[in-house]
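According to my numbering, the sequence shown holds residues 189 to 372 in order. Each residue gets a CB set at the ideal place from its N, CA and C atoms; glycine is no exception. Right, one structure below, let's go through it.
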Amino acid sequence: MMTETIRGDDLEQYRYCARCGEHLTQKLLDGRVRPVCLSCGNVVYLNPLPAVAAVLIQNGRVLLIRRGVDPGAGLWALPSGFMEQGETPESAICREVFEETGIKCSPGKLISATTHDDHVFGHVLVLAYSVACEIRDATAVAGDDAVEAHWYDTTSLPCLAFDTHRDIIRQAEVLYSMEHHEIL
């Protein structure tokens, strides 16, 4: 049985019940300590935020963007972002790639589904997909919250904003080497 407790900073944002406005308290439910309203019974489930990350590999190089905003402003990352209401992971991937690089793409295989705790956004579920450019050798132009876009050799990656992105790139390389061609 799991008896994880939530972090203090996670609980801080849940002081009052969204349904009735009363103070919340911590209570052990389903093996986890959760914010609960004793007045109306509302339970706050601290679900992860769904995000997507795109892996474009061509000729042994991976497309990265330099982040213009925190977390990780100034560091490199895969084109990525949070899913919007009503989006599928595949449509979110295509939107994020286009917003951050100007490249139109189509989603490919799911590379990984992993979670991590982010100091800004809390618990995040990252769905990483391979993507294929609609135009071979497309030129990337930074946009949205990216200040730069560049193709990097997978053997000499710059400092990345998120450790999970380095892991995702390594997983994509394994898929690539197993298939002996560009991952789609």
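Rounded Cβ spacing between residue i and residue j (contact assumed at less than 8 Å)
i      : j      : result
Pro259 : His307 : 7 Å
Ser268 : Val240 : 6 Å
Classification of residue i by the beta-carbon crowding that lies within 10 angstroms, buried from 16 upward
i      : result
Ala242 : buried
Arg222 : buried
Leu216 : exposed
Ala349 : buried
Residue i versus the options, residue with shortest Cα-Cα distance
i      : options                           : result
Asp333 : Leu252, Tyr202 and Cys205         : Leu252
Ala280 : Ile245, Ala316 and Gly262         : Ala316
Lys297 : Trp339, Glu361 and Thr342         : Glu361
Trp264 : Tyr364, Pro346 and Val257         : Pro346
Val232 : Ile245, Cys321, His211 and Val240 : His211
Gln359 : Gln273, Thr302 and Ile323         : Thr302
Ile356 : Gln273, Glu287, Asn247 and Ile299 : Ile299
Secondary structure of residue i, DSSP reduced to three states
i      : result
Ile356 : helix
Asp306 : strand
Pro238 : strand
Thr213 : strand
Asp341 : strand
Pro295 : strand
Tyr202 : coil
Ser268 : strand
Tyr317 : strand
Sequence-distant residues of the same chain with beta carbon closer than 6 Å to residue i, five excluded per side
i      : result
Val335 : Arg254 and Gly256
Cβ neighbours of residue i in the same chain (closer than 7 Å, five flanking residues each side left out)
i      : result
Val329 : Thr289, Gly290 and Ala337
Phe309 : Leu237
Gly287 : In the sequence on display, residue 287 carries Glu and not Gly. Contacts found: Gly331 and Asp332.
Close Cβ partners of residue i (< 8 Å) along its chain, the five nearest in sequence each way excluded
i      : result
Tyr204 : Glu210, His211 and Leu212
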